[in-house]
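Some notes on the structure that comes next.
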Amino acid sequence: TGTRSMTDKPRVWVSRPTFPGVIARLEPHFEVTVEDTERKLGPSELAARLAGQDAVIVGLKDRIGAAEVGAAERLRIVANLAVGYDNIDVDAMSAAGIAVSNTADVLNESVADYAWALLLGAARRMTAAERWLRAGHWHATEFKAWLGTDVRGRTLGILGMGRIGQAIAHRAVGFGMPVIYHNRSPLPEEVERACRARHVDKAQLLGESDFLVLALPLTPRTRHAIGAAELALMKPTAMLINIARGGIVDDAALAAALRDRRLAGAALDVFEGEPKLHPALLTLDNVVLSPHIASATTETRRAMTSLAVDNVLAMFGHGPHAGRPPNILNPNVL
Ligand code: GLV
């Protein structure tokens with residue numbers, strides 16, 4: 036990299052295929068390299084890719100800490116293609132003077148929709164019924180087959196009432212569900228009123244929720260926020276929905292609770308150690324499973340890519356937010 040002249044364009048590396056038309060917005064200003072597969076790179080491969088880059092756009096599969104950026108002397112920004120950023124050691128980036136951005140806000144509505152899809156799917160046993168149908172078991176329509184549970188009048192609990200949690204709460208009005216939530220600090224009163232949600236402590240949330248949706252980030256504090264002890268506080272008729280991050284739930288404890296019917300059901304989009312799953316989850320019929328797709332609509336994944344591109348452009352004085360990257364998580368480095 037020492038041989039590059041001052042007139043060379045800065046370099047951007049994109050760790051995965053995304054939307055070429057969106058990435059093309061970088062091309063007037065940067066020399067762009069895009070990985071053409073979704074293969075997960077190991078730490079030393081990742082470090083080698085980052086060396087010599089001025090900016091990178093990465094995803095959750097890319098774990099980036101001090102070691103990975105050790106040789107990346109020119110790197111000014113790591114733009115994450117996700118709202119959650121537990122894959123990035125932000126303190127290490129700050130220490131190295133590297134900005135980190137995420138894709139907050141543009142995915143709130145898609146993720147909230149998907150949380151409801153999971154909630155309703157679990158309540159109505161949709162995926163188990165479909166597996167049964169596809170397996171050729173549907174020979175007669177039985178009046179009492181596949182009975183699910185209504186959601187109207189049931190209590191929706193939300194753990195982690197940020198922007199996504201609030202978007203989930205807003206939708207509860209139409210389903211006639213009262214909403215309780217727990218956050219480290221309660222929301223301002225007008226925000227609570229707007230989403231008709233009541234703050235409770237965590238034990239109350241666990242004990243009173245009929246459907247408990249997790250919408251909090253994974254941090255060292257929230258790892259296994261739902262473990263055996265928390266599951267034991269939930270109603271045996273309750274269902275747990277995780278659209279947040281694997282690792283917030285102790286999947287082994289959850290699988291045991293579902294197996295023993297100490298918990299009626301679950302719907303999970305994220306897993307500890309994904310794309311691997313705890314094998315017991317695959318054997319249970321009272322859990323809806325999906326492969327981390329809560330934000331996966333064409334519109335939203337395109338918007339996430341566009342926001343990552345805007346952050347990179349802005350960092351180098353270009354684009355609609357020139358000089359003011361919109362989603363910097365460690366603004367102290369700017
Ligand atoms: C996806 O999991 C995200 O954090 O955006």
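Residue numbers (my numbering): 36 to 369. Every residue gets a Cβ at the ideal spot worked out from N, C-alpha and C, and that includes glycine. Owing to the predicted nature of the structure, the values given are computational and were not obtained by experimental measurement.
Worksheet item: Would you call the stretch 277-288 and the stretch 125-143 touching, i.e. three or more CB-CB distances under 8 Å?
Response: Segment contact: the stretch 277-288 against the stretch 125-143, fewer than three CB-CB distances shorter than 8 Å; contact not assigned.
Discussion item. For a test of the three-state rule: what should DSSP assign to R46, helix, strand or coil?
Written reply: Strand at R46.
Worksheet entry | Exposure of T36, with buried meaning 16 or more beta-carbon neighbours within 10 Å | Residue confidence is low: T36 scores 47 on pLDDT, short of 50, so the model does not pin down where it sits. Its coordinate-derived value is still stated next. With fewer than 16 other Cβ atoms from the protein chains shown falling within 10 Å of its own Cβ, T36 counts as exposed.
Discussion item. Are the CB atoms of V141 and A338 within a distance shorter than 8 Å?
Written reply: Going by C-beta atoms, A338 is nearer than 8 Å to V141.
Worksheet item: Taking 7 Å as the line, does the beta carbon of T138 fall inside it for any heavy atom of the ligand GLV?
Response: For T138, the shortest C-beta to heavy atom distance toward the ligand GLV is below 7 Å.
Worksheet item: Should S330 be counted as a contact of the ligand GLV given a C-beta to heavy atom distance under 7 Å?
Response: Yes, the ligand GLV has a heavy atom inside 7 Å of this Cβ.
Worksheet entry | Cβ-heavy atom distance, A202 to the ligand GLV, below 7 Å | Relative to the ligand GLV, even the nearest heavy atom lies 7 Å or more away from the CB of A202.
Worksheet entry | Nearest-angstrom Cα separation, counted from L324 out to G197 | Their Cα atoms are separated by approximately 24 Å.
Discussion item. Check this for me: beta carbons of L76 and D97, under 8 Å apart or not?
Written reply: L76 places its beta carbon less than 8 Å from that of D97.
Practice prompt. With a floor of 4 residues, list each alpha helix (DSSP H) that falls wholly inside the stretch 160-205, ordered by position along the chain.
Written response: Counting whole runs of 4 or more residues, the stretch 160-205 contains the alpha helix (DSSP H) stretches 161-169.
Practice prompt. Look up T36 in the DSSP assignment and say whether it is helix, strand or coil.
Written response: Its pLDDT being 47, under 50, T36 is placed unreliably by the model, and nothing is read from it.
Discussion item. Residues in the same chain with beta-carbon distance under 7 Å from V57, minus the five sequence neighbours each way, listed in chain order, please.
Written reply: Exclusion of the five residues before and after V57 leaves R337, T340, S341 and V344 as the residues of its chain whose Cβ lies within less than 7 Å of its Cβ.
Worksheet item: Between which two residues does the beta strand (DSSP E) carrying V93 extend?
Response: Run containing V93: A90 to V93, per the beta strand (DSSP E) assignment.
Worksheet item: DSSP state of M274, grouped into three classes?
Response: Judged by DSSP in its simplified three-state form, M274 adopts strand.
Worksheet item: For the ligand GLV, is there a heavy atom less than 7 Å away from the beta-carbon of A150?
Response: No - the ligand GLV has no heavy atom lying nearer than 7 Å to the Cβ of A150.
Worksheet item: Is it true that the CB of T335 sits closer than 8 Å to the CB of S50?
Response: In this structure, T335 does not lie closer than 8 Å to S50 by Cβ.
Fill in: Cα-Cα separation between A288 and R46, rounded to whole angstroms
Distance between the alpha carbons of A288 and R46 is about 45 Å.
Worksheet item: For G300, which residues does DSSP report across the bridge?
Response: Beta bridge pairing from DSSP links G300 with M274.
Discussion item. If I measure Cβ to Cβ from T68 and keep anything under 6 Å in the same chain, skipping five residues before and after, which residues do I get?
Written reply: If we look at T68 and ignore the five residues flanking it on each side, its Cβ neighbours are W48.
Worksheet item: Going by C-alpha distance, which of V91, A102 and L268 is nearest P78?
Response: Checking every option, the nearest Cα to that of P78 belongs to A102.
Worksheet item: Under the three-state reduction of DSSP, which class applies to T257: helix, strand or coil?
Response: Shown here, T257 sits in coil according to DSSP, grouped into three states, outside any helix or strand.
Item to complete: Confirm the yes/no value for this check: CB of H33, any heavy atom of the ligand GLV, distance under 7 Å.
Response: With the chain covering only 36 through 369, there is no way to say anything about residue 33.
Worksheet item: Which residue comes first and which comes last in the alpha helix (DSSP H) that contains S330?
Response: Careful: S330 lies outside any alpha helix (DSSP H) and carries neither H nor E.
Worksheet item: So, helix, strand or coil for N365, using DSSP?
Response: Coil at N365, not helix or strand.
Discussion item. DSSP three-state label for L247, please.
Written reply: When DSSP states are grouped into helix, strand and coil, L247 belongs to the strand group.
Worksheet item: Shortest alpha-carbon distance to G87 belongs to which of E309, E73, I112 and G94?
Response: Ranking E309, E73, I112 and G94 by CA distance to the CA of G87 puts I112 first.
Discussion item. What residue range does the alpha helix (DSSP H) around E144 cover?
Written reply: E144: member of the alpha helix (DSSP H) spanning N143 to A158, first to last residue.
Discussion item. Can you tell me which residues form a DSSP beta bridge with V412?
Written reply: Residue numbering for the chain in the displayed model covers 36 to 369; residue 412 lies beyond these limits and cannot be assessed.
Fill in: the stretch 240-253 in contact with the stretch 196-214 per 3-pair CB rule at 8 Å
Segments in contact, yes.
Worksheet item: Checking contacts by CB at 8 Å: is L116 closer than that to chain B?
Response: Considering every chain present, this structure includes no chain B. It has just one protein chain.
Worksheet item: Within the present structure, is the beta-carbon of V135 separated from the nearest heavy atom of the ligand GLV by less than 7 Å?
Response: V135: no, Cβ never under 7 Å from the ligand GLV.
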